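Novice: Protein chains in written order, with numbering that gives the first Met the number 0: chain Y, 0 to 249; chain R, 0 to 249; chain V, 0 to 249; chain G, 0 to 249; chain L, 0 to 249; chain W, 0 to 249. To start, I am sharing the structure in question, which I have written as structure tokens.
Protein chains: 6
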Amino acid sequence: MPHNIRVVTPITSKGFRKSEDLEAIGKNVFTVSHSEIDIGPGSIECEYDEAMSLPGTILKIIDAEKEGCDAVVIDCMGDPGLHSGRECVSIPVLGPCETAMHYASMLGHKFSVLTVLERIRPMFENQAKIYGVSEKLASVKSVDIPVLELEDDLDRTVNELTKQAIEAVEKDKSDVMIFGCTGMLGCAESIEKNLKSKGYHIPVIDPVPLAVNSAYILSKLKLTQSKHCYATPPEKGMVGYGEPKIRAVK
Amino acid sequence: MPHNIRVVTPITSKGFRKSEDLEAIGKNVFTVSHSEIDIGPGSIECEYDEAMSLPGTILKIIDAEKEGCDAVVIDCMGDPGLHSGRECVSIPVLGPCETAMHYASMLGHKFSVLTVLERIRPMFENQAKIYGVSEKLASVKSVDIPVLELEDDLDRTVNELTKQAIEAVEKDKSDVMIFGCTGMLGCAESIEKNLKSKGYHIPVIDPVPLAVNSAYILSKLKLTQSKHCYATPPEKGMVGYGEPKIRAVK
Amino acid sequence: MPHNIRVVTPITSKGFRKSEDLEAIGKNVFTVSHSEIDIGPGSIECEYDEAMSLPGTILKIIDAEKEGCDAVVIDCMGDPGLHSGRECVSIPVLGPCETAMHYASMLGHKFSVLTVLERIRPMFENQAKIYGVSEKLASVKSVDIPVLELEDDLDRTVNELTKQAIEAVEKDKSDVMIFGCTGMLGCAESIEKNLKSKGYHIPVIDPVPLAVNSAYILSKLKLTQSKHCYATPPEKGMVGYGEPKIRAVK
Amino acid sequence: MPHNIRVVTPITSKGFRKSEDLEAIGKNVFTVSHSEIDIGPGSIECEYDEAMSLPGTILKIIDAEKEGCDAVVIDCMGDPGLHSGRECVSIPVLGPCETAMHYASMLGHKFSVLTVLERIRPMFENQAKIYGVSEKLASVKSVDIPVLELEDDLDRTVNELTKQAIEAVEKDKSDVMIFGCTGMLGCAESIEKNLKSKGYHIPVIDPVPLAVNSAYILSKLKLTQSKHCYATPPEKGMVGYGEPKIRAVK
Amino acid sequence: MPHNIRVVTPITSKGFRKSEDLEAIGKNVFTVSHSEIDIGPGSIECEYDEAMSLPGTILKIIDAEKEGCDAVVIDCMGDPGLHSGRECVSIPVLGPCETAMHYASMLGHKFSVLTVLERIRPMFENQAKIYGVSEKLASVKSVDIPVLELEDDLDRTVNELTKQAIEAVEKDKSDVMIFGCTGMLGCAESIEKNLKSKGYHIPVIDPVPLAVNSAYILSKLKLTQSKHCYATPPEKGMVGYGEPKIRAVK
Amino acid sequence: MPHNIRVVTPITSKGFRKSEDLEAIGKNVFTVSHSEIDIGPGSIECEYDEAMSLPGTILKIIDAEKEGCDAVVIDCMGDPGLHSGRECVSIPVLGPCETAMHYASMLGHKFSVLTVLERIRPMFENQAKIYGVSEKLASVKSVDIPVLELEDDLDRTVNELTKQAIEAVEKDKSDVMIFGCTGMLGCAESIEKNLKSKGYHIPVIDPVPLAVNSAYILSKLKLTQSKHCYATPPEKGMVGYGEPKIRAVK
């Protein structure tokens, strides 16, 4: 039976993420399943949105393990529920931001994050600190387009991303680009091409496909998060979320 | 009218925090009010507990501003809702961990955190990174007593805290102690005395009184968090938490 | 009896600091007393000035404790005598730079220092290193006005500070401003207002009132510097400064 | 046609690496081919050995691209030729040390490297610096067995690795183990089991299989090192190595 | 007998380095001898060139000790063979880049490197990391002139170096300049003069004379690299480089 | 005329430093002259002592330049007056601590400081931060002997230094030793020998001879501190120290 990677989209806007886009990532080697959260924000564009998405996301991560998935990828660059979700399950849980930042660190001397709004720049800088790679982060640039409007005018989105990427290369001395919103899925090739036409050979990381493939190889190699530091939570009263049962480490 | 500092206890265990203990902090200069969250965990001892406490905590921070409080202190060393809560209100929001770590950085060359369980050591190390003071953190030590049992045998709690503090001074070269759980409120004097009897003149920071007093002086000096980086969240759909209205910056 | 916070102005220019400006900080809650040094420079604008101010400042810190003060604040952003003064007394000694940098770290993602002369930028960068918060320092900007001329044309001073603050926000991505000279006392409100009119909600920290209030709460909470790392100096010969008696820790 | 990942073993000891061990990594999804260098040391146990292995390794990386391979993995934890090899080809080049350190950073709060000889500890600490993850490195431990003797007494090797791993967990507070020599290939499961029997749930990373799988997903996702910072070397005279032709970026 | 410092030029272009320029450095106090490598690149302008220069350089460092030299300086800012060469001999081995970066750290608050090509900027940033001084590095600037063309139009070289130096001072807030290519030998005085005429009093470090003099004082003070961390390599097979005999520590 | 290096001993205890010990450093190549301060402490063992030594030290540094010396070395590991003295003169000013830390960084992977009293450990850690080499500092160890008693029982001093050095190598993984008090002048050879007899090949740096020789080569190479960041102080009133005339940069 092929490995099954579950992608959890931590927002409540229906239709934002098309399951077929995720399924295509597996390419006959593994399968990709999908779920969305039941409680939480319509999109994630600040610390408050991310905080409100956490309980719903954790519940879906727990469900993924119960339903037999082999690994989980959180479908948001804020990586909501990454540490807390890892405590609750034994299967690997990956965030696209953490994964992309580590791969970007390998692919070049410095990397930049191209995201939606300037206001979430500090969140990425804090994530880089926690993930241990802040020395490799050249800059966080934003296109000033809200998450749910990224697809409204795809040409504008691609143009703005290209413009920011060029600035990242020329001014911030960056060598690798990471999309700073999973809503930019599918645009990497265009940006790479635009950069190449300017003479810049810059890899552009589309974080969700990368994280899903990384989850697959962890599962294949029987590697998962350290249950030493991500130990299963102690049982105790939890008010207001139904009954989130935490499964013990076998 | 005196300044009113609201303490939000981000757990659902009734009676854990006695309001009179908080009121005593103001000492005729300012008043301290108190609230507890309605949804969330019975205590906070891991990333999962903290994540589940966030929505309830943010809602109570929003309430505090609506009810006319002048500042908010979150009553947990995980500082749940610190960044997200700051986005939602204009009054200052302080966390006891962040405040204690910054004051400890001033009071000595290096500081240690004395907490409940070894499993939350990484959380403190990550907080020190985000707060920008990890160079000042000598160590995180734990007494291996769950939060809700700290008061069951107060002598044991004090003895274990003393033992860890001595080790922090002698082995980790630490100069200042911070309590790593707000449930240790009131024990600082005993530990300081025990250390002095061993020849060590070490300040022991009780984080909640310190954070409440810091919140008071911020309010008095008309200082609050930067609404530039903690800007009010954009309005959008939020499913499952009633109606958390975010107040715009005036 | 109310707490008495002593402010020591470490320069020999008479009339630079008006005692009534300091007294106003206490606001019926605590009292603020004042002294100036007897030997040292007319103002502090370089490492040499600061070095020459040290002995005089330490002597006045020792005097403050002898005279029954509850805490000391050094009235210069170079924090001269901060570590050495702490060794000599048991009451808390705070510097406005250290205090402001730690509070600024709490109030925003990154902070900037707005100071008098470009030549003291390295001194602030070194202080941030020693205080353990250099990751939070976005930039040090200067208005190119000598200390003793700040009040000569207050409009110019405010205009230049505003200009540098705007550049700090826009170019250096700063979220909080700190005055980099205690001679700028009283200008914070104007700069904050000017920034707000440009659409920037940025707290501006006036370091002396903040440090005095912080000293007050340390005194109230019976916290002082760690006499473990700031141990009383060993007795020994000292030539040329009269008789600086160091008081032993009780 | 399946992806073909080339493993280059940068030593001249014949038979050290069995091709079938490498081929097994692909598991019907991709193929793994193998080459060894023609000039260089018999094993790599110091900076000198590594330096002498570089030209031979680079030549084999260039050959791999010429022969149509899709990606290259260097078979040594010193990652010899990682940066220089990346300049010479357009296909992705990965090192097991860099890859393992980045994955270990994701799988736990801190990681340790278990290697052969104490004398190469500084090399790993330097690699962690260059790869940007030194904050995540808890410790480098060694079993004091030379590379070419690891297989002589496999029980002893496993016992020593287990002993060092336990010390890494208990003393150095490490959460994830990385094998610090590719000659330890195949021992991960035993160490993980031994740790589990001591109550420690610690992932143990076998770097070569991880790097080979990572190379596969890079190739699949059409990602390669940034040819902006790893630009093709300028053509110039090269004495003494035959004719290493550098292929231009297409 | 005077101390004899050997300079090893790690490229195969004959005549690039004139022995008399090196001999002049000793000034009657010590002698300077010279050798060039037999295998390797014509010049060093990327990681590949540097890698290919390593075996030849190490062999010449071993020869220097055999021939009775008192210390070795590697004549390239990439410091090829610095760590590996130190393992192979007991006499001190210095690199001009490491030496210049440490002296520059002493001479000012921040320093810049002025080098030939933008493509080697990451190499200098990585060197600063390994040498432990990256906090002191303000910037790496390049004049866009290949190594072997530096002397073709010396006026252009000096003009471009001056232009980059001024930018380093004004934009990057740099206080000290280091030449980032040993081919710039002899130009320091001109750049210093040009900077002074712009009002900037900036020391310009010519790395080879500095490293040679530093090697002299190490030799004079009987100091050499720690043979604890740079221990003599274990004996083993080495294919393809003739017979590089490693001398044991006496 | 030979270069004349002035050593300024920043304490008022007569006879502590014998001029002939300093003169011997020059060895027919340059001369070493000596002065002691007129106001200040009998020895330096804390921040207070160091602060009180500053004005006297600066005055002697100014005198050295007036008297035609070519460079100055401050004879104390606290490097009192290093930055402030550099502002006041145009000749190079070096501190033994800064110089030794930078050379130690070159001679090994990590270094340790062996000093007199545990209480000055934080001062060395802060110096390493300011000098930009804290990543290279393995540990600061102390022998618990006051400065002025180091020579009373030289055998005990050497034995204690050896003991601490061995612990630094074995526990702190240190590769190079630095004497942490200039009063240990002349003991390096004994400690090195003792370490060698334990099997450890560890360079032991005697900071004053190293700094004096470094000052000599700076003078010879016409290099001095950057007068850009160490600019001459502005003229202003200075009360209580006679008339310290600051010489303008020519």
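Cβ atoms here follow ideal geometry from the backbone N, Cα and C, with glycine treated the same way. Fair warning: this is a prediction, and the values are worked out from it, not measured in the lab.
With DSSP collapsed to three states, give me the class of V/S42.
Specialist: Indexing the third sequence from 1 puts residue 42 of chain V at position 43. Coil, per DSSP.
Novice: On a Cα-Cα basis, can you pick out the residue from W/S196, W/E148, W/G198, W/T223 that is closest to W/G41?
Specialist: Translated into positions along the sixth sequence, residue 41 of chain W becomes position 42. Looking at the Cα atoms, W/E148 is the closest of the given residues.
Novice: Between G/P79 and G/P121, what straight-line distance do the alpha-carbon atoms span, to the nearest angstrom?
Specialist: Counting from one through the fourth sequence, the residue named residue 79 of chain G turns up at place 80. Counting from one through the fourth sequence, the residue named residue 121 of chain G turns up at place 122. Taking the straight line joining both Cα atoms gives about 15 Å.
Novice: Is there at least one Cβ from chain Y nearer than 9 Å to R/H2's Cβ?
Specialist: Your numbering for residue 2 of chain R matches position 3 in the second sequence. Not one chain Y Cβ lies under 9 Å of R/H2.
Novice: Residues of chain V with CB closer than 7 Å to the CB of W/K235, please, in chain order.
Specialist: Numbered from its first residue, the sixth sequence carries residue 235 of chain W at position 236. Correct list: P40, G41, S42.
Novice: Can you tell me the Cα-Cα spacing of V/G182 and V/E44, whole angstroms?
Specialist: Here residue 182 of chain V is taken as the residue at index 183 of the third sequence, counted from 1. Here residue 44 of chain V is taken as the residue at index 45 of the third sequence, counted from 1. Looking at the two C-alpha atoms, the distance is approximately 12 Å.
Novice: Please report the straight-line C-alpha distance between L/E22 and L/S32, rounded to a whole angstrom.
Specialist: Taking the first residue of the fifth sequence as 1, we reach residue 22 of chain L at position 23. Taking the first residue of the fifth sequence as 1, we reach residue 32 of chain L at position 33. When rounded, the distance between both Cα atoms is 7 Å.
Novice: Anything in the region 48 to 74 of chain L with a Cβ closer than 8 Å to a Cβ of chain G? List those residues in chain order, please.
Specialist: Those would be D48, E49, A50, M51, L53, P54, G55, I57, in chain order.
Novice: Alpha carbon to alpha carbon, what distance is there between Y/R16 and G/F110?
Specialist: For this step, residue 110 of chain G is matched to residue 111 along the fourth sequence. For this step, residue 16 of chain Y is matched to residue 17 along the first sequence. When rounded, the distance between both Cα atoms is 35 Å.
Novice: Starting from Y/H101, find everything on chain L with Cβ-Cβ shorter than 7 Å and list it in chain order.
Specialist: Stepping through the first sequence from its first residue, residue 101 of chain Y is reached at position 102. Within chain L, no residue comes near Y/H101; the closest Cβ sits about 18 Å away, beyond 7 Å.
Novice: Please report how far the alpha carbon of G/A247 lies from the alpha carbon of Y/V132, in whole angstroms.
Specialist: In the fourth sequence, the residue the question calls residue 247 of chain G occupies position 248. In the first sequence, the residue the question calls residue 132 of chain Y occupies position 133. Reliability of the predicted coordinates at G/A247 is poor, the pLDDT of 47 falling under 50, and the value obtained from them is presented with this limitation in mind. Taking the straight line from one Cα to the other gives about 31 Å.
Novice: Give, in chain order, every unbroken run of the alpha helix (DSSP H) that is at least 4 residues long and sits entirely within the region 97 to 154 of chain V.
Specialist: Runs of the alpha helix (DSSP H) inside the region 97 to 154 of chain V: 120 to 130.
Novice: Bridge partners of V/E8, per DSSP?
Specialist: Stepping through the third sequence from its first residue, residue 8 of chain V is reached at position 9. The question names Glu, but residue 8 of chain V is Thr in the sequence shown. Paired residue(s): V/E35.
Novice: Using DSSP with H/G/I as helix, E/B as strand and the rest coil, what is R/M0?
Specialist: To locate residue 0 of chain R, count along the second sequence from 1; it is residue 1. In this structure, R/M0 counts as coil in the three-state DSSP scheme.
Novice: Restricting to Cα atoms, I'd like to know which of G/V168, G/D154, G/T114 is closest to G/D143.
Specialist: Reading the fourth sequence from its first residue, position 144 is the one you call residue 143 of chain G. G/D143 has its Cα closest to that of G/T114, out of G/V168, G/D154, G/T114.
Novice: What's the C-alpha gap between V/K135 and R/K221?
Specialist: Locating residue 135 of chain V in the third sequence gives position 136, counting from the first residue. Locating residue 221 of chain R in the second sequence gives position 222, counting from the first residue. Looking at the two C-alpha atoms, the distance is approximately 22 Å.
Novice: From the DSSP output, which residues share a beta bridge with L/V203?
Specialist: As a first step, residue 203 of chain L must be located in the fifth sequence, where it is residue number 204. Per DSSP, L/M176.
Novice: Using a C-beta cutoff of 9 Å, does G/P243 count as contacting chain R?
Specialist: As a first step, residue 243 of chain G must be located in the fourth sequence, where it is residue number 244. Not one chain R Cβ lies under 9 Å of G/P243.
Novice: Taking the alpha-carbon positions, what's the V/Y130 to V/I90 distance?
Specialist: In the third sequence, counting from the first residue as 1, residue 130 of chain V sits at position 131. In the third sequence, counting from the first residue as 1, residue 90 of chain V sits at position 91. Rounded to the nearest angstrom, the two C-alpha atoms are 20 Å apart.
Novice: Name the residue from R/T56, R/M105, R/E117 whose alpha carbon lies nearest to the alpha carbon of R/G94.
Specialist: By 1-based counting over the second sequence, the position of residue 94 of chain R is 95. When each option's Cα is compared against that of R/G94, the closest is R/T56.
Novice: Return the residue from the list R/I24, R/C68, R/L58, R/F29 that minimises the CA-CA distance to R/R5.
Specialist: For the purposes of this step, residue 5 of chain R is identified with residue 6 of the second sequence, where counting begins at 1. For R/R5, the nearest C-alpha among the options comes from R/C68.
Novice: What residues in the region 94 to 118 of chain W have a beta carbon less than 7 Å from any beta carbon of chain G?
Specialist: Going along the region 94 to 118 of chain W in chain order, one finds H108 with a Cβ nearer than 7 Å to chain G.
Novice: Taking the alpha helix (DSSP H) that R/I90 belongs to, which residues open and close that run?
Specialist: In the second sequence, counting from the first residue as 1, residue 90 of chain R sits at position 91. Element bounds for R/I90: n/a, residue is neither H nor E.
Novice: If R/V72 and R/S34 are in contact, beta carbons under 8 Å, what's the gap, nearest whole angstrom?
Specialist: As a working mapping, residue 72 of chain R is identified with position 73 in the second sequence. As a working mapping, residue 34 of chain R is identified with position 35 in the second sequence. Not really, about 11 Å apart at Cβ, beyond 8 Å.
Novice: Residues bridged to Y/V250 by DSSP?
Specialist: With chain Y covering 0 to 249 only, the question about residue 250 of chain Y has no answer from this structure.
Novice: Taking Cβ positions, are G/I177 and Y/S213 nearer each other than 9 Å?
Specialist: Here residue 177 of chain G corresponds to residue number 178 of the fourth sequence, with the count starting at 1. Here residue 213 of chain Y corresponds to residue number 214 of the first sequence, with the count starting at 1. The answer is no: Cβ separation not under 9 Å.
Novice: Who are the Cβ neighbours of Y/N20 in its own chain at under 8 Å, not counting the five residues just before and after it?
Specialist: Working through the first sequence from its first residue, we reach residue 20 of chain Y at position 21. First, the residue type needs correcting, since residue 20 of chain Y is Asp and not Asn in the sequence shown. Non-local beta-carbon contacts of Y/D20 in its own chain, meaning distances under 8 Å to residues more than five positions away in sequence, involve L184, G185 in chain order.
Novice: Where does W/V250 fall in DSSP's three states?
Specialist: Because chain W is modelled from 0 through 249, residue 250 of chain W falls outside the range shown and cannot be assessed.
Novice: Looking at chain R, which residues of the region 207 to 229 of chain Y have a Cβ within less than 7 Å of any of its Cβ atoms?
Specialist: Within the region 207 to 229 of chain Y, C228 place their CB atoms closer than 7 Å to a CB of chain R, listed in sequence order.
Novice: If you count every other CB in all the chains shown that lies within 10 Å of the CB of V/K249, and 16 or more means buried, which is it?
Specialist: On the third sequence, residue 249 of chain V is found 250 positions in, with the first residue counted as 1. Caution is warranted here: a pLDDT of 40 is assigned to V/K249, below 50, making its placement in the model unreliable, and the coordinate value is therefore given only provisionally. V/K249 is exposed by the Cβ-count criterion.
Novice: Would you call the region 195 to 206 of chain Y and the region 157 to 169 of chain Y in contact, with 3 or more CB pairs under 8 Å?
Specialist: yes
Novice: Ignore the nearest five residues each way along the sequence and tell me which others in V/S104's own chain have a CB closer than 6 Å to its CB.
Specialist: Working through the third sequence from its first residue, we reach residue 104 of chain V at position 105. If we look at V/S104 and ignore the five residues flanking it on each side, its Cβ neighbours are V132, K135.
Novice: R/F29 to R/H2, Cα distance in whole Å?
Specialist: Here residue 29 of chain R corresponds to residue number 30 of the second sequence, with the count starting at 1. Here residue 2 of chain R corresponds to residue number 3 of the second sequence, with the count starting at 1. Each residue's Cα considered, the two are about 5 Å apart.
Novice: Are there 16 or more other CB atoms within 10 angstroms of the CB of G/N27, so buried, or fewer, so exposed?
Specialist: In the fourth sequence, the residue the question calls residue 27 of chain G occupies position 28. It is exposed - the Cβ of G/N27 has fewer than 16 other Cβ atoms within 10 Å.
Novice: For G/G241, does the count of other Cβ atoms within 10 angstroms reach 16, so buried, or fall short, so exposed?
Specialist: Here residue 241 of chain G is taken as the residue at index 242 of the fourth sequence, counted from 1. Exposed, because fewer than 16 other Cβ atoms sit within 10 Å of the Cβ of G/G241.
Novice: Could you name the residues of chain R that Y/H200 contacts, counting a contact when the two beta carbons are closer than 7 Å?
Specialist: Translated into the one-based positions of the first sequence, residue 200 of chain Y becomes position 201. Ordered by position in chain R, no residue passes the 7 Å Cβ test against Y/H200, which lies about 33 Å from the chain.
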